[in-house]
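Below is one structure, written out as structure tokens; the observations come after it.
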Amino acid sequence: MSNIKVLELNKSYGSSKLVLDNINIDISSGEFFTLLGPSGCGKTTLLKVISGFLPHNSGEVFFGTERVDKLPPHRRGIGMVFQDYAIFPHLTVRQNIAFGLKVRKMAAAESARRVADAIRLVRLDGLEDRMPSSLSGGQQQRVGIARALAIQPRLLLMDEPLSNLDAKLRVEMRDDIRKIQRDQGLTTIYVTHDQEEALAISDRICVLSAGKVQQIDRPDRIYRHPANMFVASFLGSMNFLAVRAERGRLVADAGNGTIELNVPVVADVAEGAYTLGFRPEAVDVGGGDPDSLRIEAKLQYITYLGREAILTLAAHGVSISANLRDRDIGHAYKEGDMLPLRIRREQLKLFAPDGVLAHDGL
Ligand SMILES: Nc1ncnc2c1ncn2[C@@H]1O[C@H](COP(=O)(O)OP(=O)(O)OP(=O)(O)O)[C@@H](O)[C@H]1O
1 MSNIKVLELN
11 KSYGSSKLVL
21 DNINIDISSG
31 EFFTLLGPSG
41 CGKTTLLKVI
51 SGFLPHNSGE
61 VFFGTERVDK
71 LPPHRRGIGM
81 VFQDYAIFPH
91 LTVRQNIAFG
101 LKVRKMAAAE
111 SARRVADAIR
121 LVRLDGLEDR
131 MPSSLSGGQQ
141 QRVGIARALA
151 IQPRLLLMDE
161 PLSNLDAKLR
171 VEMRDDIRKI
181 QRDQGLTTIY
191 VTHDQEEALA
201 ISDRICVLSA
211 GKVQQIDRPD
221 RIYRHPANMF
231 VASFLGSMNF
241 LAVRAERGRL
251 VADAGNGTIE
261 LNVPVVADVA
271 EGAYTLGFRP
281 EAVDVGGGDP
291 DSLRIEAKLQ
301 YITYLGREAI
311 LTLAAHGVSI
321 SANLRDRDIG
331 HAYKEGDMLP
341 LRIRREQLKL
351 FAPDGVLAHD
361 GL
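Every letter in the sequence shown is one number past the one before it in UniProt numbering, and letter 187, counting from 1, is 187.
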């Protein structure tokens, strides 16, 4: 397995603007690395440049110490798994999995051994002689994964491999992929636009927006310490409130005036405009730490989800969401009630006017 380095990579289609803008990525050997971002942010383009199916404008790609960005795709040693499975309908499961080995003219005995290993890893035992049309979507994707594993790639690339599967199967396959990847120590780049999937499966996540890297970090760190407002709202949700720091106080614009918030700002917060951010699950109703930020908000409606409920409230002219666990939901809450919200100060974030996180906790 190789570590992977992408250095100062730029890519545009024709003369249009850059769809990959100065991408720098350093992936460790054996790491599960996820590219996460909204549709059109450049995830697939980046995978195609790394695999050699698309030329780039400038920059370098290294697998270990070998520079690969001038090599044709078949010389890079990459296994690929696609959203639409891309398996051959006229070949059996076994023949599909052996395909890459046949192309590489591998000796029959070694090929048979590798195919058998791959079949066992993806749990397709007993289905070796079936045709793809007689398999479920999940089984077809297992064939796609086994085919990629059989060539013992230096790097495994997976482009939204679970998108065509139903929700339950997605979770099952996700756990299987993670287990195989760990057991085999496979360096993997995984593309998804599904934030929950990215959080669940990755060692590290690279959040992309409009061709630019927004943040690269562990799932828990990205969620707790988003680098900017884009990341904060793309991974989970965050409440935002326009505020100003002035004379050691924080004030919120409230349409017809300003309201002083009960949070003193620490000395290193420069005076000026900010966006105050906090996650819905950081909000308590009533009670809570007396030192918390207090906001009175009007309950608009409750979305009950079983394990938890989302309260949608209005305060200072903006909408605020609060996630409460089922057992914490008071039966007395009625639409139109004014509720005292508490948000712990360590959960408060201040974003600068350009959206970058300026203060994490107040
Ligand atoms: N062949 C092409 N010619 C011109 N523009 C392209 C081409 N392929 C992609 N693009 C543009 O490049 C940008 C990045 O596309 P890309 O497919 O890499 O995004 P993505 O993040 O993978 O999106 P999705 O999640 O929808 O697959 C988009 O604006 C897209 O319209």
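Glycine included, each C-beta is placed from N, C-alpha and C at the ideal position.
So, at 7 Å on beta carbons, what are the nonlocal neighbours of residue i in its own chain, with the 5 sequence-adjacent residues on each side left out?
i           : result
residue 47  : 157, 159, 189 and 191
residue 352 : 274 and 358
residue 269 : 245, 350 and 359
residue 248 : 264 and 265
Could you confirm whether any beta carbon from chain C is found closer than 8 Å to the beta carbon of residue i?
i           : result
residue 197 : The displayed structure is made up of one protein chain only, and chain C is not part of it.
Taking all protein chains shown into account, do 16 or more other C-beta atoms lie within 10 angstroms of the C-beta of residue i, making it buried, or fewer, making it exposed?
i           : result
residue 195 : buried
residue 346 : exposed
residue 36  : buried
residue 107 : exposed
residue 277 : buried
residue 11  : buried
residue 305 : exposed
What are the residues that DSSP puts in a beta bridge with residue i?
i           : result
residue 10  : 58
residue 175 : None; residue 175 has no bridge partner.
residue 208 : 213
residue 316 : The partner list for residue 316 (beta bridge, DSSP) is empty, contrary to what the question assumes.
residue 229 : Partner(s): none; residue 229 has no beta bridge.
residue 321 : 312
residue 356 : 228
residue 260 : 251
residue 342 : 284 and 294
residue 143 : The partner list for residue 143 (beta bridge, DSSP) is empty, contrary to what the question assumes.
residue 277 : 240 and 349
residue 375 : Shown here, the chain extends from 1 to 362; a query on residue 375 therefore has no answer.
residue 66  : 63
Rounding to the nearest angstrom, what Cα-Cα distance links residue i and residue j in this structure?
i           : j           : result
residue 27  : residue 79  : 16 Å
residue 299 : residue 261 : 20 Å
residue 43  : residue 55  : 15 Å
residue 303 : residue 333 : 12 Å
residue 285 : residue 301 : 14 Å
residue 59  : residue 152 : 27 Å
residue 52  : residue 102 : 21 Å
residue 65  : residue 318 : 52 Å
residue 5   : residue 340 : 50 Å
residue 186 : residue 40  : 27 Å
residue 231 : residue 19  : 19 Å
residue 13  : residue 21  : 12 Å
residue 113 : residue 207 : 39 Å
residue 177 : residue 149 : 11 Å
residue 138 : residue 222 : 30 Å
residue 167 : residue 173 : 10 Å
residue 224 : residue 283 : 15 Å
residue 38  : residue 109 : 45 Å
residue 130 : residue 136 : 11 Å
residue 199 : residue 236 : 10 Å
residue 220 : residue 197 : 13 Å
residue 337 : residue 311 : 12 Å
residue 239 : residue 348 : 10 Å
residue 164 : residue 209 : 23 Å
residue 17  : residue 116 : 47 Å
So, at 6 Å on beta carbons, what are the nonlocal neighbours of residue i in its own chain, with the 5 sequence-adjacent residues on each side left out?
i           : result
residue 271 : 245 and 246
residue 32  : 181, 188, 202 and 203
residue 144 : 81, 85 and 87
residue 356 : 228
residue 76  : 52 and 68
residue 62  : 5
residue 324 : 309
To which residues of the same chain is residue i closer than 8 Å at the C-beta, ignoring the five residues directly before and after it?
i           : result
residue 313 : 297, 298, 299, 300, 319, 320, 321, 322, 339 and 341
residue 307 : 325 and 326
residue 287 : 342
Within the present structure, is the beta-carbon of residue i separated from the nearest heavy atom of ligand 2 by less than 7 Å?
i           : result
residue 160 : Ligand 2 is absent from the structure shown, which contains only ligand 1.
- Chain-ordered residues, beta carbon under 6 Å from a heavy atom of ligand 1: 13, 19, 37, 39, 40, 41, 42, 43, 44, 45 and 193
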